[in-house]
Amino acid sequence: MSLLADNIKSLEGYLARFRASSIQNRIAGADVPGAGGTFQTISPVDESVICDVARGTADDIDAAAQAASDAFAGWRDMPAKERRGILIRIAEGIEARAEEIALCECWDTGQAHKFMSKAALRGAENFRYFADQVVQARDGQHLKSPTLMNVTSRVPIGPVGVITPWNTPFMLSTWKIAPALAAGCTVVHKPAEASPLTARLLVEIAEEAGLPPGVLNTVNGFGEEAGKALCEHPKIRAIAFVGESRTGSLITKQGADTLKRNHLELGGKNPVIVFDDADLDRALDAVIFMIYSINGERCTSSSRLLIQDTIRAEFEAKLVARVNNINVGHPLDPRTEIGPLVSQEHFDKVTSYFDIAKDDGATIAAGGEAIEGPGFFVKPTLFTGASNQMRIAQEEIFGPVLTSIPFATEEEALAIANDTPYGLTGYVWTNDLTRALQFTDQLEAGMIWVNSENVRHLPTPFGGVKSSGIGRDGGDWSFEFYMEQKHVGFATGQHKITKLGAL
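Okay, here's the thing in structure tokens:
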């Protein structure tokens, strides 16, 4: 039996229980049907119905927020060693069910098993890393003044809402939820309606690891119903969101009346700048990986190639050959490098840019076609002969689509790179150290890699500038979001206190 057949057989076993009954909301440790009934989650692989899912409404969010509020004091005050132990056991539970998580994620999102098999393990890594930060998360500083011993500490902010996207849902859920729990917060999680399966697996794993009821609650549903209610709920102190920039703006408005703290990880139109002195073979590998892996459906994709004109023709020729050789296929086949896009709606959006590119005057050098269904498959695509003013260079397509733009000088490259509403990541390929230092200093992006693809290191800050978001994840930056600073001043002597109204 082939590896593809083995994976399909294993998947069928995992999905059987979801098909036997709908995925329920999980509130205060109990299954709760959605107040709005159910909706169906569809596999992008063959457009079949996976299962029914609870459709949460404001009533479900209210119940989950109350559960998170009721559980907060107990979780906040649990000894750090016990909380750490629970988070470690969650990591172990993720590792034990890594195959189930990966296969369900592939079927629910269309992502290739080649990448999702690692995403589950990265989720475990997130929990292990933040488990080790539990004790120091509340540490502060001693700031001595002439009359006071000033002591700072951090305390968890309270119940928080986490809203996660559909592209790599399990890993991104752990990225947000692990530090929130490590900080001592309780969570109401609203996963993307297009990919609800692994959110259910995560809350099951967490409760099996000993997480008390109500500390992590999951409410499925749509953004305009459950998501809106979560952002507006007065018991929810903060919202951590990953998704598109327009939705991030809406979330900010929805939380304004309750003065929500927001962490927004939003979109990008990220440049990869290749100078003629770079290691061009390694740059080619990195350019291809950072736009065509994960189906191009990730915020850090390098979707604009800025290529120096002295090497453009040769580099693009090699790029075309490689792009045309990328294996598009069934996501459970280990040989597959690109699977189907997540939904009909997203498929329609991505494929619409094929005509937009032609209308703008760009050349479709590779791909630019849908693949006959069933399933939402497209060929990996390369646009050449583009300028940065074209829509294909300004708008986030969020698919396996690369736009190549030539430049002549370093100054021109910088101007093009910064000429976008976004500022999430940038990638610079050069062997000139001075150029790299000067260029990265002026590049408008929250994260930049030099002579490298995106290699995530958990203690470093993750986030963007401009329309790419507000706030930072990773290391201590996560705790700055999920915790409040507290200051206490102790008098160290009998300092003079000004007297008012004294005779």
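With our numbering applied, the sequence shown corresponds to residues 14 to 516, in that order. Here a beta-carbon is modelled for each residue, glycine too, at the ideal position from N, C-alpha and C.
> Exposed or buried, what is Val441 when buried is set at 16 or more other beta-carbons lying within 10 Å of its beta-carbon?
Replying inline: buried
> From Gly171, Gln321, Leu277, pick the residue whose C-alpha is nearest to that of Cys312; which is it?
Replying inline: Leu277
>> According to DSSP, is Thr260 part of a helix, a strand, or is it coil?
In response: helix
> Relative to the alpha-carbon of Ala399, which residue among Ala191, Ala383, Phe420, Phe389 has its alpha-carbon at the smallest distance?
Replying inline: Phe420
> Do the segment 180 to 189 and the segment 506 to 514 meet, that is, are 3 or more Cβ pairs less than 8 Å apart?
Replying inline: no
> Can you list, in chain order, the residues of its chain whose CB lies under 7 Å from that of Gln455, leaving out five sequence neighbours each side?
Replying inline: Leu427
> Whole beta strand (DSSP E) runs in the segment 370 to 454 with 3 or more residues, listed along the chain?
Replying inline: 376 to 379, 394 to 397, 414 to 420, 438 to 442
> According to the Cβ coordinates, are Asn230 and Trp188 closer than 8 Å?
Replying inline: no
> Looking only at its own chain, which residues have a Cβ that is under 6 Å from the Cβ of Val232, when we skip the five neighbours before and after it?
Replying inline: Asn38, Gly69, Asp73, Ile74, Ala77, Lys203, Ala239
>> On the DSSP letters alone, give me the boundaries of the beta strand (DSSP E) that Trp462 sits inside.
In response: 460 to 463
>> Rounded to the nearest angstrom, what separates Asn163 and Glu113 at their Cα positions?
In response: 50 Å
> How about Ile284 and Ala430: do their beta carbons lie closer than 8 Å?
Replying inline: Reading the sequence as shown, one finds Pro at residue 284 and not Ile. Yes. Within cutoff.
> Quick one: any contact between the segment 340 to 359 and the segment 320 to 327, if contact means 3 or more CB pairs under 8 Å?
Replying inline: no
> How many Å lie between Ala48 and Tyr27 at the Cα?
Replying inline: 26 Å
> Could you give the residue range of the beta strand (DSSP E) that holds Pro284?
Replying inline: 284 to 287
>> Which residue wins for smallest C-alpha separation from Gly506, given the options Ile218, Asn337, Ile377, Leu161?
In response: Leu161
> Measuring CA to CA, which of Ser365, Pro393, Phe360 is closest to Arg404?
Replying inline: Ser365
> Would you say the segment 324 to 344 touches the segment 298 to 311, given that touching needs at least three Cβ pairs under 8 Å?
Replying inline: yes
>> DSSP three-state label for Leu243, please.
In response: helix
> Which whole-angstrom value is the C-beta distance of Ser258 and Ser480, which I expect to be below 8 Å?
Replying inline: 5 Å
> Short check: CB of Arg250 to CB of Ile339, under 8 Å?
Replying inline: no
> CB Phe288 to CB Thr443, shorter than 8 Å?
Replying inline: yes
> What is the DSSP secondary structure of Ile324, counted as helix, strand or coil?
Replying inline: coil
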